[in-house]
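Visitor: Just dropping this structure here.
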Amino acid sequence: MVNVKHFVIFIAVIFLSLFVAVLNKNDDMKLQEAKPVLRVFGYASFTGQWGAGPSLKQIFEKDCDCQVQFIQGSDSGILLQRLKLEGESLGADLVVGLDQFDLQKALAEQKWRELNISDLDVYDEVKPALQNNYFVPFDWGVISFVTRKGEFEKNPENFDDLLSPNLKRKIALQDPRTSSPGMQFLSWVIRAKGEEAGFKYIKKMMEQAHSFSPSWSSAYGLFSKKQAKTALSYVTSPVFHRVEEKNNDYIALEFNEGHPVQFEFAAIPESCRNCELAERFINLMLSDQGQKLIMQKSYMFPVVRNVKEGTVFADIPQFKTLGDFEIPSTQEVERLLKKWSDLRRGDSN
Amino acid sequence: MLVAFFESIKYVGHLLPISFLRVFMGYYYLQQALNKFNGDFLTRPRIADQIAEWLPASHAPNWYKIFVSSQIIPHWQTVAFIIVGLEFAIAVSYIIGYVVRPIALLAVLLCFNMLFFSGPMNEDLFKTFLTIHLIMAWVGAGRCLGFDYYFFKRRRGIWW
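Going down the list, the protein sequences come from chains C and X. Just so we're aligned: the first sequence equals residues 1 to 349 in our numbering. Just so we're aligned: the second sequence equals residues 350 to 509 in our numbering.
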């Protein structure tokens, strides 16, 4: 019994000390709050340790006399859901990482501040994404499947090649309900094959998928751990392995159907508290320095002209893209997602 | 007590390599706990996000998934506090070698849960930690270069 007492007292002392420390910390935080705080709500790949967020924060804090705080959502698809659920209590001054499938929904569910982006000198591929005054694109990428050299005798060249029996449960895909690349894939198939044939194809793909992960990072993690032979990602993903891991074994697969382009947008909610700081942060993201940082940390193409020239990103082969940039309506996206969910439920029963 | 601390090397010197591993693990947990304490782990629902993201894809049994979704996610603040508290407890216990056996069993419990919360990329790490904690508990790693030896000498029993 005496022995148990030692253990109980030890645990009690630790937890009590932590409790007191947390109380003190909260008091300190209240004092720090005198400085204006810019709260940036973004997905994990942006706000995380390896993302562009922390470096941008460092540069921004140098001369803004403010603090930048990140609120992290796991994937861009989840950002809107949380914005809707938590609303103003989330306290976001800036939202980073919405993609084109989120825009209509974002406009319908939330009021946004107008931004002046007309004089932005962007690459031609990016011009169609400047259609509105609320959302400004800060990077873009071409969606493709990524694999390791030697995984296939002959690399898949179209959607039908992915149905090969030796890829059964070996493709890492994302859930389109929570992940924007997942939604991109759903839309890609439908645009390439038509709706009816597209959903028939997706039904077959459910047999091929290792899993439908809730976010890009989880799907890519499965692929990196060699639990999957290929994963839906970006043409820029092999560059990450080349630069960070000095590994040239990764390649993006070019499909005959053409590839979709994903844009990532930043926007300021009308409910922002430090709106001016948020605008300044967007300006930093769109400056040459910011664009270079985003390109190097997120491994996505920059939107501002002449930033990627002279870097490894300029050497990435140009894949045939699907062409027209479209912002699908909320109803259309929801209808497709419902159909996908019904198909998925049928698959799991 | 201090004499017993160093005297332990003479009598249970065969446990010395394990005690180095114990101190290293303690240091690792101290870093983890400090990062969480200094970051926003206690003020933002990071653990709830993490669970929501990874639990559906984990191999955890259904009853566990239901329990976690209904009890842990809504009470993320309490859970975050317990996780940080446990990490501090493991850190202090392992570094000074005090009540290592029962703390190692708590660490096993924590690792088991983190195995399901942290996604496939951390699975191997937590499996390794799980084994290390079990070994710590098994051998009573606090008895060499630790205060457990002082109590072990006087009271014996499975707690030290």
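All C-beta atoms in this analysis are idealised placements derived from N, C-alpha and C, irrespective of residue type, glycine included.
Should C:Phe41 be flagged as near chain X, meaning a C-beta pair shorter than 7 Å?
Guide: Translated into the one-based positions of the first sequence, residue 41 of chain C becomes position 41. So no, C:Phe41 is outside the interface.
Visitor: I need the straight-line Cα distance from C:Phe46 to X:Gly506, nearest angstrom please.
Guide: Indexing the first sequence from 1 puts residue 46 of chain C at position 46. Indexing the second sequence from 1 puts residue 506 of chain X at position 157. For C:Phe46 and X:Gly506, the distance between alpha carbons rounds to 52 Å.
Visitor: What is the DSSP secondary structure of C:Ile117, reduced to helix, strand or coil?
Guide: As a position in the first sequence, residue 117 of chain C is number 117, starting the count at 1. If DSSP states are grouped into helix, strand and coil, C:Ile117 belongs with coil.
Visitor: Which residues, taken in chain order from the stretch 454-478 of chain X, show a beta carbon closer than 7 Å to some beta carbon of chain C?
Guide: Answer set for the stretch 454-478 of chain X: Gly468, Pro469 and Met470.
Visitor: With DSSP as the reference, label C:His259 as helix, strand or coil.
Guide: Position 259 of the first sequence, counted from the first residue, corresponds to residue 259 of chain C. Of the three classes helix, strand and coil, the one that applies to C:His259 here is strand, per DSSP.
Visitor: What first and last residue would you give for the beta strand (DSSP E) that runs through C:Pro137?
Guide: Here residue 137 of chain C refers to the residue found at position 137 when the first sequence is read from its first residue. Where C:Pro137 is concerned, the enclosing beta strand (DSSP E) stretches over Val136 to Arg148.
Visitor: Which of the three DSSP states is assigned to C:Thr330 in this structure?
Guide: For the purposes of this step, residue 330 of chain C is identified with residue 330 of the first sequence, where counting begins at 1. DSSP places C:Thr330 in helix when its eight states are reduced to three.
Visitor: Do the stretch 96-115 of chain C and the stretch 321-336 of chain C meet, that is, are 3 or more Cβ pairs less than 8 Å apart?
Guide: Yes: the two stretches touch, three or more of their Cβ pairs being nearer than 8 Å.
Visitor: With a cut-off of 7 Å, does the C-beta of C:Lys225 fall near any C-beta of chain X?
Guide: Locating residue 225 of chain C in the first sequence gives position 225, counting from the first residue. With 7 Å as the cut-off, C:Lys225 counts as an interface residue toward chain X.
Visitor: For the alpha helix (DSSP H) holding C:Thr230, just list the boundary residues, first then last.
Guide: Residue 230 of chain C sits at position 230 when you count from the first residue of the first sequence. Note, C:Thr230: premise wrong, no alpha helix (DSSP H); beta strand (DSSP E) at Thr230 to Tyr234.
Visitor: Run down chain C in chain order and give the residues with a C-beta less than 9 Å from the C-beta of X:Leu391.
Guide: Here residue 391 of chain X refers to the residue found at position 42 when the second sequence is read from its first residue. Neighbours of X:Leu391 on chain C, chain order: Val22 and Lys25.
Visitor: What's the C-alpha gap between C:Lys320 and C:Asn256?
Guide: Here residue 320 of chain C corresponds to residue number 320 of the first sequence, with the count starting at 1. Here residue 256 of chain C corresponds to residue number 256 of the first sequence, with the count starting at 1. Going by the C-alpha atoms only, they are around 8 Å apart.
Visitor: Any heavy atom of the ligand SAH closer than 6 Å to the CB of C:Lys84?
Guide: Only the bare structure without any ligand can be found here, which leaves the ligand SAH out of the picture.
Visitor: Just the Cα atoms here: how many angstroms apart are X:Arg492 and X:Gly446?
Guide: As a working mapping, residue 492 of chain X is identified with position 143 in the second sequence. As a working mapping, residue 446 of chain X is identified with position 97 in the second sequence. Whole-angstrom Cα-Cα distance: 7 Å.
Visitor: Near X:Tyr378, which residues of its chain fall below 6 Å by C-beta distance, leaving aside the five closest residues on each side in sequence?
Guide: The residue given as residue 378 of chain X occupies position 29 in the second sequence. For X:Tyr378, where only same-chain residues beyond five positions count, the Cβ hits under 6 Å are Glu436, Ile439 and Ala440.
Visitor: Is the shortest distance between the beta-carbon of X:Gly491 and the beta-carbons of chain C less than 7 Å?
Guide: As a working note, residue 491 of chain X is residue 142 in the second sequence. It does not: the Cβ of X:Gly491 has no partner Cβ on chain C nearer than 7 Å.
Visitor: Between X:Phe354, X:Leu391 and X:Val372, which has its C-alpha nearest C:Ala21's C-alpha?
Guide: In the first sequence, counting from the first residue as 1, residue 21 of chain C sits at position 21. Comparing Cα-Cα distances from C:Ala21 to each of X:Phe354, X:Leu391 and X:Val372, the minimum goes to X:Leu391.
Visitor: If we cut at 7 Å on Cβ distances, does C:Pro317 have a partner in chain X?
Guide: Numbered from its first residue, the first sequence carries residue 317 of chain C at position 317. Output row for C:Pro317: interface = no.
Visitor: Return the chain-ordered list of same chain residues with a C-beta closer than 7 Å to the C-beta of X:Phe475, the five sequence neighbours on each side being excluded.
Guide: As a position in the second sequence, residue 475 of chain X is number 126, starting the count at 1. Once the five neighbours on either side are set aside, the close Cβ partners of X:Phe475 are Cys460, Met463, Leu464 and Ser467.
Visitor: Specify whether the stretch 218-236 of chain C and the stretch 478-490 of chain X touch according to this definition: at least 3 beta carbon pairs, one from each stretch, less than 8 Å apart.
Guide: No: the two stretches stay apart, fewer than three of their Cβ pairs being nearer than 8 Å.
Visitor: Output the distance between the C-alpha atoms of X:Tyr291 and C:Lys5, rounded to the nearest integer angstrom.
Guide: Past the boundaries of the shown model lies residue 291 of chain X; chain X is included only from 350 to 509, so the question cannot be answered.
Visitor: Could you tell me how far apart the beta carbons of C:Ile268 and C:Phe138 are, in whole angstroms, since I believe they sit closer than 8 Å?
Guide: Position 268 of the first sequence, counted from the first residue, corresponds to residue 268 of chain C. Position 138 of the first sequence, counted from the first residue, corresponds to residue 138 of chain C. About 13 Å separates the two Cβ atoms, so there is no contact after all.
Visitor: Listing by chain order, which chain C residues have their CB less than 8 Å from the CB of X:Pro451?
Guide: Here residue 451 of chain X corresponds to residue number 102 of the second sequence, with the count starting at 1. By Cβ distance, chain C contributes Phe7.
Visitor: Under 8 Å: do the stretch 150-165 of chain C and the stretch 175-182 of chain C share three or more Cβ pairs, one atom per stretch?
Guide: Counting Cβ pairs under 8 Å, fewer than three are found: no touch.
Visitor: Per DSSP, what kind of secondary structure is C:Val303 in: helix, strand or coil?
Guide: Counting from 1 along the first sequence, the entry for residue 303 of chain C is found at position 303. The answer is coil: DSSP assigns C:Val303 none of H, G, I, E or B.
Visitor: Going by DSSP, name the residue or residues bridged to C:Gly73.
Guide: The residue labelled residue 73 of chain C in the question sits at position 73 within the first sequence. Paired residues: C:Tyr43.
Visitor: Within 10 angstroms of its Cβ, does X:Gly388 collect 16 or more other Cβ (buried), or is it exposed?
Guide: As a first step, residue 388 of chain X is located in the second sequence; it is residue number 39 there, counting from the start. It counts as exposed.
Visitor: Exposed or buried, which one is C:Asn349 when buried takes at least 16 other CB atoms within 10 Å?
Guide: For this step, residue 349 of chain C is matched to residue 349 along the first sequence. Confidence is the limiting factor: at C:Asn349 the pLDDT is only 40, short of 50, which leaves the residue's position unreliable, though a coordinate-based value still follows. When all chains shown are included, C:Asn349 counts as exposed.
Visitor: Quick one: which residues of the stretch 204-222 of chain C get their C-beta closer than 8 Å to a C-beta of chain X? List them in chain order.
Guide: Within the stretch 204-222 of chain C, the qualifying residues are Ser211, Ser213, Pro214, Ser215, Ser218, Gly221 and Leu222.
Visitor: Please state if the CB of C:Val95 and the CB of C:Phe70 are separated by a distance shorter than 7 Å.
Guide: In the first sequence, counting from the first residue as 1, residue 70 of chain C sits at position 70. In the first sequence, counting from the first residue as 1, residue 95 of chain C sits at position 95. Contact: no.
Visitor: Taking beta-carbon pairs under 9 Å, can you tell me which members of the stretch 150-174 of chain C lie near chain X?
Guide: If the cut-off is 9 Å between Cβ atoms, the stretch 150-174 of chain C has nothing near chain X.
Visitor: Does DSSP classify C:His210 as helix, strand or coil?
Guide: Taking the first residue of the first sequence as position 1, residue 210 of chain C is located at position 210. Here C:His210 sits in strand by DSSP.
Visitor: Going along the chain, which residues of its own chain have a beta-carbon closer than 7 Å to the beta-carbon of C:Glu207, five neighbours each way excluded?
Guide: Residue numbering aside, residue 207 of chain C sits at position 207 when the first sequence is read from its first letter. If we look at C:Glu207 and ignore the five residues flanking it on each side, its Cβ neighbours are Lys168.
Visitor: Excluding five sequence neighbours on each side, which residues of the same chain lie with their C-beta closer than 6 Å to the C-beta of C:Ile9?
Guide: Residue 9 of chain C sits at position 9 when you count from the first residue of the first sequence. Correct list: empty, nothing qualifies.
Visitor: Closest to C:Val261 by CA distance: which of C:Ser217, C:Ala12 and C:Pro128 is it?
Guide: Taking the first sequence and counting its residues from 1, one reaches residue 261 of chain C at position 261. Among C:Ser217, C:Ala12 and C:Pro128, the Cα nearest to that of C:Val261 belongs to C:Pro128.
Visitor: Which residues in the same chain as C:Leu284 place their Cβ atom closer than 8 Å to its Cβ, once the five residues preceding and following it in sequence are excluded?
Guide: Translated into positions along the first sequence, residue 284 of chain C becomes position 284. These residues qualify, in order along the chain: Leu56, Ile59, Phe60 and Gly290.
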